[in-house]
Structures are given as C-alpha cells and as structure tokens.
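Here the structure is laid out as structure tokens; the discussion comes afterwards.
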Amino acid sequence: MNNDRNIMLDLQDLWNSVMKLEAEAERSRKSIALWESRNRELAAETAKAENDYKNINLKIKQEELDLTSIESRIEKSETRRNMLKSERELEALDSELSRLREDRDSRETSVFTMMEKSDELKTRLDELKVELAESEVQTARDIESLKQKIVTLTGESQAARKNFSELRESLSPAVKSRFEKLIVSKDGIAIAKLNGETCTHCNCLVPSSVASGLQKNSYATCTNCGRFLYQG
Numbered sequence: 044m045n046n047d048r049n050i051m052l053d054l055q056d057l058w059n060s061v062m063k064l065e066a067e068a069e070r071s072r073k074s075i076a077l078w079e080s081r082n083r084e085l086a087a088e089t090a091k092a093e094n095d096y097k098n099i100n101l102k103i104k105q106e107e108l109d110l111t112s113i114e115s116r117i118e119k120s121e122t123r124r125n126m127l128k129s130e131r132e133l134e135a136l137d138s139e140l141s142r143l144r145e146d147r148d149s150r151e152t153s154v155f156t157m158m159e160k161s162d163e164l165k166t167r168l169d170e171l172k173v174e175l176a177e178s179e180v181q182t183a184r185d186i187e188s189l190k191q192k193i194v195t196l197t198g199e200s201q202a203a204r205k206n207f208s209e210l211r212e213s214l215s216p217a218v219k220s221r222f223e224k225l226i227v228s229k230d231g232i233a234i235a236k237l238n239g240e241t242c243t244h245c246n247c248l249v250p251s252s253v254a255s256g257l258q259k260n261s262y263a264t265c266t267n268c269g270r271f272l273y274q275g
C-alpha cells in the first residue's frame, strides 16, 4: 500500500509535467496560428489598398479622357457658333455649350477630388507595404522560434509519457485500474493531498474516520470526488 502511494505521487508528478509541457506546446501552436492570421490580414489590407489605388487612378485617367473629349467638343462648338446666323440655332448651340461647360467643370472638380484621394491612398499603401515587409520578417523569425520550442516541448513530453507508462506498470492491479481512469480526467488529477479533513481536489470534507485513519505513508479515497488521498 505504501509503495502504491509513493508510485502514485511520482506518477502524478510525471503527468503534471506531461500536461504542462503539452499545454505549453499548444499555446505555441496557437501563437503560430495567431501570427499567421495577423500576417494574412495585413497582406489582405495591403492588397485592398493597392487595388483601391489602382482603381482610382483608372477612374482619373478615364475622367481625363472624357475631359479631353468635352474640351474638343466645346472648341468645335465655339468655332461653329461663329458661323451661325440663325437666332434659333445660336440658342440651341449656346444651350449645348452651357451643358458641356457644366459637365467639364463638374468633371474637373471630380478629378481634383480623386487626385487628392489618390495621394492619400498612395501614402497609406506605402505605409502598409513597409509594415507588411517588416511583419513578414518578424513573423517568420517568431514562427521558426516557436516551432523549435514545440519540438523541444514535444520531446520532453514524450519522454515524460514514456516514464509515466513504465512506472504505471509498478502499481498493484487493484490501484492501477482506478488510477488510470482518474488520471485521464479533464483536470488530470488522480491523487490529492488531504488538508486536515478537506480534500484539496474538491475542497470537500471527508468523514473523520477517513482522515484519522490515513497514515502518512498510506492512502485513502475521497468520499466526494473519488480521488486517492494522501497526507503530506
């Protein structure tokens, strides 16, 4: 019985190490995923900014082409006006010229506004490109470091699991079966310390007979959570 108690304590220590190492490895994997996600988001933002910049410049070019066409039509209409003598034709042409000039003025304002927006987009795009380049370098460096850490943690975890599996075979059959079921529970606790008459796993009182009957080198069972109990 005393031997089982000591083996269970050693096994619990080993299992605690396994869980700690595997949890740290999982945190590192999540950190890698987070770095990759942030980098993808930054790359997507940069691509969108570049696309917006290209699109607005295409619109500017199209507006400038339209302006050139309108200016040409205005010049032709003004030349034609000098040759007209009919009042009716002059009124119609003046109306057309007025419409063309309004259209020209509106497009010139639009081009000016878009050019300002283009400058803003270019500034932001340049900033994002620098940020992305720096992020890619930093991300690659951090991910490589995290991957090496995971390899180390995994190796240590596997070694601890191996030691656990080997030592587990030393438990007596009556104890081994229940210990194995308890150790794979969510919190990974199979044996807990009894503090006075309180189980430190579930914080519940055990019967006085259990507490008083528990010797320093023996073990008992918590009547509430079913964990093995020991005295420190």
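Residue numbers 44 to 275, in the numbering used here, belong to the letters of the sequence shown in order. C-beta atoms are modelled at their ideal positions from N, C-alpha and C, and glycine is treated no differently.
T195 carries a helical assignment under DSSP once its states are collapsed to helix, strand and coil. Put simply, the region 188-202 touches the region 61-81. At least three CB pairs are less than 8 Å apart. Judged by DSSP in its simplified three-state form, K259 adopts coil rather than helix or strand. For the 8 Å CB-CB criterion, I113 and I186 do not form a contact. Just so you know, the alpha carbons of A87 and L210 end up roughly 52 Å apart. Looking at the DSSP output, N206 bridges to nothing.
Within the same chain, S161, L164, K165 and L168 come within 8 Å of Y96 by CB-CB distance, once the 5 residues on both sides are set aside.
In the three-state reduction of the DSSP assignment, A254 falls in the helix class, which pools H, G and I. Of all C-beta pairs linking the region 44-58 to the region 221-241, three or more are shorter than 8 Å, placing the two stretches in contact. Nearest neighbour of S120 by Cα position, chosen from L136, A90, S129 and T111, turns out to be L136.
Closest option to G231, judged by alpha-carbon separation, among G275, L237 and F222: F222.
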